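Student:
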Amino acid sequence: MDDVVAADPAGLTFLLIANPLSAATSAPELLPQPWGALGQALPPRGAMVSLLRSVAYFDRAAATMPLTVLGSWTAAVLVLWRSAPTEAAG
Numbered sequence: 737m738d739d740v741v742a743a744d745p746a747g748l749t750f751l752l753i754a755n756p757l758s759a760a761t762s763a764p765e766l767l768p769q770p771w772g773a774l775g776q777a778l779p780p781r782g783a784m785v786s787l788l789r790s791v792a793y794f795d796r797a798a799a800t801m802p803l804t805v806l807g808s809w810t811a812a813v814l815v816l817w818r819s820a821p822t823e824a825a826g
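For the sequence shown, the working numbering begins at 737 and goes up steadily by one.
1. Keeping to the same chain, check which residues put their C-beta closer than 8 Å to that of L774; ignore five residues upstream and five downstream.
2. Note down the Cα distance separating D744 from F750, rounded to an integer number of angstroms.
3. Please go through the region 755-815 and give each complete alpha helix (DSSP H) segment of 4 or more residues, from N-terminal end onward.
4. Does the separation of the CB atoms of L748 and A759 fall below 8 Å?
5. Please state whether DSSP places A820 in a helix, a strand or coil.
6. Could you tell me the distance, in whole angstroms, from the CA atom of T822 to the CA atom of A763?
7. Hey, how far is the Cα of A780 from the Cα of A812?
8. Does the beta-carbon distance from L778 to P802 come in below 8 Å?
9. Are the beta-carbon atoms belonging to Q769 and V805 less than 8 Å from one another?
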């Protein structure tokens with residue numbers, strides 16, 4: 737039950753902050769600065785939508801930054817996952 741309580745602040749953060757700042761329905765340049773740039777650094781929607789937009793409409797012209805952001809977050813999650821303590825089987 738503790739895992740559910742711990743997940744709530746993270747879920748609320750992404751729901752209430754990351755989704756509106758992702759600029760999924762518009763361009764990040766249309767958001768006030770620095771919110772547009774911050775939204776592109778928060779996973780998963782900001783960088784993913786920019787990557788999809790870049791691939792679909794602009795022939796991968798600006799795919800480097802979203803790929804870097806998504807790769808960095810993936811690496812951070814893997815490091816945290818691997819360093820998490822495990823329970824002994826018993």
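Heads up, the beta-carbon is just placed ideally off N, CA and C, and yes, glycines get one too. Please read all numbers here as calculations on a predicted model, not as lab measurements.
Tutor: Put simply:
1. L757
2. 10 Å
3. 771-777, 781-793
4. no
5. coil
6. 42 Å
7. In the sequence as presented, Ala is not what sits at residue 780; that position holds Pro. Rounded to whole angstroms, P780 to A812 spans 13 Å at the Cα level.
8. no
9. no
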